[in-house]
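To keep things clear, I will list the structure first and then write my remarks on it.
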Amino acid sequence: MTSLNKQKNMVSDERIAALLAADQQTQAIRAGHVSGPEGEHSAAIYATSSFVFETAQDAAARFAGDQVGNVYSRYTNPTVRAFEERIALLEGAEKAVATASGMAAITSVFLALLKAGDHIVCSRSIFGATTAVLDRYLSKYGIQATFVEATNYKEWQAAANNNTRLFFLETPSNPLADIVDIAKVADIAHKNKALLVVDNCFCTPAVQQPIKFGADIVVHSATKYIDGQGRALGGVVCGAKEQLGDILRFVRATGPSMSPFNAWIFLKGLETLQLRMQAHCASALALAQWLDKQEAVEKVFYAGLEHHPGHDLASKQQKGFGGVLSFRIKGDKEAAWRFIDATRVISITANLGDAKSTIIHPATTTHASLSVEQRQQSGISDNLIRVSVGLESLEDLKVDLQRGIAAL
Ligand SMILES: *Cc1c(COP(=O)(O)O)cnc(C)c1O
Numbered sequence: 063m064t065s066l067n068k069q070k071n072m073v074s075d076e077r078i079a080a081l082l083a084a085d086q087q088t089q090a091i092r093a094g095h096v097s098g099p100e101g102e103h104s105a106a107i108y109a110t111s112s113f114v115f116e117t118a119q120d121a122a123a124r125f126a127g128d129q130v131g132n133v134y135s136r137y138t139n140p141t142v143r144a145f146e147e148r149i150a151l152l153e154g155a156e157k158a159v160a161t162a163s164g165m166a167a168i169t170s171v172f173l174a175l176l177k178a179g180d181h182i183v184c185s186r187s188i189f190g191a192t193t194a195v196l197d198r199y200l201s202k203y204g205i206q207a208t209f210v211e212a213t214n215y216k217e218w219q220a221a222a223n224n225n226t227r228l229f230f231l232e233t234p235s236n237p238l239a240d241i242v243d244i245a246k247v248a249d250i251a252h253k254n255k256a257l258l259v260v261d262n263c264f265c266t267p268a269v270q271q272p273i274k275f276g277a278d279i280v281v282h283s284a285t286k287y288i289d290g291q292g293r294a295l296g297g298v299v300c301g302a303k304e305q306l307g308d309i310l311r312f313v314r315a316t317g318p319s320m321s322p323f324n325a326w327i328f329l330k331g332l333e334t335l336q337l338r339m340q341a342h343c344a345s346a347l348a349l350a351q352w353l354d355k356q357e358a359v360e361k362v363f364y365a366g367l368e369h370h371p372g373h374d375l376a377s378k379q380q381k382g383f384g385g386v387l388s389f390r391i392k393g394d395k396e397a398a399w400r401f402i403d404a405t406r407v408i409s410i411t412a413n414l415g416d417a418k419s420t421i422i423h424p425a426t427t428t429h430a431s432l433s434v435e436q437r438q439q440s441g442i443s444d445n446l447i448r449v450s451v452g453l454e455s456l457e458d459l460k461v462d463l464q465r466g467i468a469a470l
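Residue numbers (the numbering used here): 63 to 470.
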């Protein structure tokens, strides 16, 4: 971290040193604070598109980059910068660049770092829109992707060629919670002189820090757990200065920048991230264990369960097992829909990472754009249901899922 915002009534060098040495829980609340001339205790929102200069010479110096300071909010904004500094510190990254959405973050990584002829190796079970960007759009510009089985490390290696520049994965995967060994894939990527990008949306840095395991770049949809209350779209890319410089220049030039208001929401979100993630993880584990015992449930996918193939790896790589679980009911698509429709508390929505629990039928919604064959390959069966476990009372959630079971 280069500078924890040095506002005059706020930050001394001693204070920066104290925060650098502090626990992640403290950093999530205190780092990257932005305080205006009034000495606000709650971060100021700099709702401005541009910034004024003292003199014409001053303006020229800032445009030339000879003088630090803000110019225009597509380039930098103090509220956005505070969010970037805080999340970079939490991920253990040198730098972060915030974007307007998670997809803007992911697409910016691809477009800033790749050129025609380059190749990506990507796990098959990634966010649907990421697959669409690779399949439908990057292919138009001569960038090819090969999709591999996330936990088959021989496939990762076999898919690489001389043009491979990036490896890309999500762990735990959505919706089946496959756990991918980040260190192993980082090793394969580096042997092939490529970078590893990890989408850390499902865990957040409170649960998993991919850079510690060798990842070069971490991307987030801040829309999910970082906000935590489903209020705003946002994304962020974290990593080393070298690559982040390219990504920053790309975002500045093309414009998928984060708004100051959304940055303020995410700063607030980060302040409760650790506590929320602990609660999401605890409730999801309890519900997974409960569902696992239900006669009407065929199989539960959650790495916190000891029978899950990724359990040991997740125990090493993560500080909890996350808040999302999925399960197959005994029955067909109609039965799965009846289950979902019978819930009264849980919201039927594709969003996740919210204080409100959500439930969805992946095969006909989030993964509907895959072909039947692709869904079969990925295990997205018609009797699969995904739940993002929120922060409501655990007992109430059990009662609600019991309504679903009764409707089967
Ligand atoms: C939601 C999501 C995204 C995309 O984020 P947006 O903020 O919706 O653009 C990317 N990756 C994962 C894993 C997600 O869940």
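Every residue, glycine too, gets a C-beta built ideally from N, C-alpha and C.
Check residue i in the structure and name its three-state DSSP category.
i: threonine 192; result: helix
i: glutamine 69; result: Interpretation of glutamine 69 is limited by its pLDDT of 47, a score under 50 that renders its predicted location unreliable; no figure is taken from the coordinates.
i: phenylalanine 229; result: strand
i: histidine 95; result: coil
i: phenylalanine 113; result: coil
i: threonine 161; result: strand
i: alanine 84; result: coil
i: threonine 420; result: strand
i: alanine 121; result: helix
i: leucine 446; result: strand
i: alanine 90; result: helix
i: alanine 350; result: helix
i: arginine 390; result: strand
i: histidine 342; result: helix
i: histidine 373; result: helix
i: glycine 307; result: helix
i: valine 206; result: It should be noted that the sequence gives glutamine, not valine, for residue 206. Correct three-state label for glutamine 206: strand.
i: leucine 414; result: coil
i: histidine 429; result: coil
i: isoleucine 149; result: helix
i: phenylalanine 363; result: strand
i: isoleucine 107; result: coil
i: serine 170; result: helix
i: serine 74; result: coil
i: glycine 296; result: coil
i: glycine 131; result: coil
i: leucine 258; result: strand
i: serine 409; result: strand
i: isoleucine 402; result: helix
i: isoleucine 182; result: strand
Could you check how far apart the C-beta atoms of residue i and residue j are, in whole angstroms? I think they sit under 8 angstroms.
i: alanine 222; j: valine 183; result: 6 angstroms
i: alanine 207; j: serine 235; result: About 16 angstroms separates the two Cβ atoms, so there is no contact after all.
i: lysine 451; j: leucine 349; result: Lysine is not the amino acid found at residue 451; the sequence shown has valine there. So it is a contact: roughly 6 angstroms between Cβ atoms.
i: lysine 253; j: glutamate 156; result: That belief does not hold up - the Cβ atoms of lysine 253 and glutamate 156 are roughly 23 angstroms apart, past 8 angstroms.
i: valine 96; j: threonine 141; result: 6 angstroms
i: alanine 166; j: alanine 105; result: Their Cβ separation, rounded to whole angstroms, is 22 angstroms, which puts alanine 166 and alanine 105 out of contact at 8 angstroms.
i: alanine 93; j: leucine 151; result: 5 angstroms
i: alanine 90; j: leucine 453; result: Not quite, the Cβ-Cβ distance comes to about 17 angstroms (not below 8 angstroms), so this is no contact.
i: glycine 154; j: glutamine 271; result: 5 angstroms
i: alanine 412; j: leucine 295; result: Contact doesn't hold; Cβ gap of about 14 angstroms is too wide.
Do you know whose CA, among the options, lies nearest residue i's CA?
i: valine 159; options: Ile78, Ala268 and Gly317; result: Gly317
i: glycine 393; options: Leu446, Leu367 and Asp403; result: Leu446
i: alanine 398; options: Ala376, Phe383, Ala162 and Ser443; result: Ser443
i: alanine 417; options: Met320, Gly382, Ser111 and Asp289; result: Asp289
i: histidine 429; options: Ser163, Gln271, Ile188 and Asn132; result: Ile188
i: glycine 307; options: Ile149, Leu332 and Val171; result: Val171
i: glutamate 457; options: Tyr108, Ser377, Trp352 and Ser319; result: Trp352
i: alanine 256; options: Glu217, Leu295, His181 and Pro267; result: His181
i: glycine 164; options: Ala365, Lys361, Val359 and Asn324; result: Asn324
i: aspartate 85; options: Gln336, Asp128 and Val407; result: Gln336
i: isoleucine 250; options: Ala425, Thr226 and Glu232; result: Thr226
i: valine 359; options: Leu332, Leu470 and Gly94; result: Leu470
i: lysine 355; options: Lys460, Ala80, Glu76 and Asp75; result: Lys460
i: arginine 186; options: Val449, Asp462, Gln436 and Arg448; result: Gln436
i: glutamate 147; options: Asn262, Trp218, Lys216 and Gly301; result: Gly301
i: glutamate 232; options: Cys265, Arg311, Pro424 and Asp120; result: Cys265
i: tyrosine 108; options: Thr411, Leu432, Ser321 and Ala83; result: Ser321
i: valine 298; options: Pro267, Gln291 and Ala315; result: Pro267
i: leucine 310; options: Gln119, Asn139 and Arg77; result: Asn139
i: valine 494; options: Gly372, Ala220 and Arg198; result: Since the displayed the chain opens at 63 and closes at 470, residue 494 lies outside it and no answer follows.
i: serine 201; options: Tyr215, Leu295, Thr169 and Phe363; result: Thr169
i: tyrosine 199; options: Phe125, Phe383, Ile422 and Leu173; result: Leu173
Hey, would you say the C-beta of residue i is under 7 angstroms away from at least one heavy atom of ligand 3?
i: glutamate 153; result: Ligand 3 is absent from the structure shown, which contains only ligand 1.
Does residue i get closer than 8 angstroms to chain C when you measure Cβ to Cβ?
i: leucine 375; result: Among the protein chains of the structure shown there is no chain C, as only one such chain exists.
Between the stretch 334-348 and the stretch 187-198, do at least 3 Cβ pairs fall closer than 8 angstroms? No, because fewer than three Cβ pairs between the stretch 334-348 and the stretch 187-198 fall closer than 8 angstroms, the two stretches do not touch.
Would you call the stretch 394-410 in contact with the stretch 458-467, where contact means no fewer than 3 C-beta pairs closer than 8 angstroms? As far as the Cβ criterion goes, the stretch 394-410 touches the stretch 458-467, which means the pair count is three or higher.
The stretch 234-253 touching the stretch 381-391, judged by at least three CB pairs closer than 8 angstroms: By the criterion of at least three beta-carbon pairs nearer than 8 angstroms, the stretch 234-253 is in contact with the stretch 381-391.
Taking contact to mean 3 or more Cβ pairs, one atom from each stretch, closer than 8 angstroms, check whether the stretch 266-284 and the stretch 245-252 are in contact. Contact between the stretch 266-284 and the stretch 245-252 is present, with at least three C-beta pairs closer than 8 angstroms.
Would you call the stretch 127-141 and the stretch 105-113 touching, i.e. three or more CB-CB distances under 8 angstroms? Proximity of the stretch 127-141 to the stretch 105-113 meets the contact definition, three or more beta-carbon pairs being nearer than 8 angstroms.
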